[in-house]
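Quick notes on the structure that follows.
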Amino acid sequence: MIAKSRIRRALRLLAFSGPVLLLGVLAALWTVGAMEPAKWIDTSWILGFDPGSHREFAPPFAPLQLLDAQARGGGVHDVHRYILGSDAGGRDLLGLMVRGSWPSLRLVLLAVFARLVIGVLAGMALALGAVPIRLIGLAMGRWTVGFPYLVLAIIVIDALVNYQSRLVAFAIAITLVGWRDISELTAERTQAVLSQPYAV
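Just so we're on the same page, the numbering used here is the position in the sequence shown counted from 1, plus 12.
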């Protein structure tokens, strides 16, 4: 019996620590890629020389390879470790991935923050009896029932993109289609707390 409870505890710990460890590794890789100088992303590096053996390599370079890379046009060279390797132009893949993921990550962070703030505030107002917010929530429920969120978001983006930047239009669209679920959950939890005898 004791052995089974220890095994269960160990499995729970493993189920929690595995994803946390993976997220930590991804965050560390993202940080390293974000700190790379722009020259490893913007410049084409046509040759690489192994500093130890002086062997010559052409791009794409292998992962974890340390090379004295020579830029296109000659004259410029520098030593660099390609953590994830390079593309056919000798540009660092880790830096390219981080630079390419930043606009999407910024959009998601902005939209999730706006959705969370609006949802929590609306949910607390619902729980405290705000009639206008309840009517807006019910009306949105009737509009979107059976209507896919993604299609609604695309319609809102298309309507706003002429008046706002594309990033702001995406953030507004994702916020509009997602705040209602958060507000309902917040209202339910707030009402549960207010119904307790200790809540005055």
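C-beta: ideal position from N, C-alpha, C; glycine also. Everything numeric in this text was worked out from a predicted model, so none of it was measured.
(message) Report the CB separation of Leu-76 from Ile-95 in whole angstroms; it is logged as a contact under 8 Å.
(response) Confirmed, about 6 Å.
(request) May I ask you to list the residues that DSSP assigns as paired with Asp-90? (result) The partner list for Asp-90 (beta bridge, DSSP) reads Ala-81.
(request) Kindly list the residues whose CB is nearer than 7 Å to the CB of Leu-122, restricted to its own chain and excluding five residues on each side of it in sequence; keep chain order. (result) Contacts found: Ala-183.
(request) Would you mind sorting Ser-195 into buried or exposed? The rule is 16 or more other CB atoms within 10 Å of its CB. (result) With at least 16 other beta carbons inside 10 angstroms of its own, Ser-195 counts as buried.
(request) Classify Gly-101 as helix, strand or coil using the three-state DSSP reduction. (result) Coil.
(request) Per DSSP, which residues does Leu-59 bridge with? Please list them. (result) Leu-59 is bridged to Gln-82.
(message) Check whether the stretch 80 to 99 and the stretch 125 to 138 touch, using three or more Cβ-Cβ pairs below 8 Å as the test.
(response) In short, these stretches do not touch, since the Cβ pair count stays below three.
(message) Across the stretch 39 to 53 and the stretch 100 to 117, are there enough close Cβ pairs to call them in contact, namely three or more that are closer than 8 Å?
(response) Yes, the stretch 39 to 53 touches the stretch 100 to 117.
(request) Evaluate Gly-30 with the Cβ neighbour count: other Cβ atoms within 10 Å of its Cβ, from every protein chain shown; 16 or more gives buried, anything less gives exposed. (result) Gly-30 counts as exposed, since fewer than 16 other beta carbons sit within 10 angstroms of its beta carbon.
(request) Whole angstroms is fine: what's the gap from Arg-18's alpha carbon to Val-37's? (result) So the alpha carbons of these two residues sit roughly 28 Å apart.
(request) Report the rounded CA-to-CA distance for His-92 versus Trp-42, giving the unit in angstroms. (result) Roughly 17 Å between the two C-alpha positions.
(message) According to DSSP, is Phe-73 part of a helix, a strand, or is it coil?
(response) Secondary structure of Phe-73 (DSSP, three-state): coil.
(request) List the whole-angstrom C-beta distance separating Ala-70 from Leu-59, where the pair is believed to meet the contact cut-off of C-beta under 8 Å. (result) Leu-59 and Ala-70 do touch by the CB rule: their CB atoms are close to 6 Å apart, below 8 Å.
(request) With a 10 Å radius around its C-beta and 16 neighbouring C-beta atoms as the bar for buried, classify Ser-65 as buried or exposed. (result) Exposed is the call here.
(request) State the DSSP-derived secondary structure class of Glu-68, mapped to helix, strand or coil. (result) Strand.
(message) With distance defined between alpha-carbon atoms, name the residue in Ile-148, Asp-170 and Leu-179 nearest to Ser-116.
(response) Answer by Cα proximity: Leu-179.
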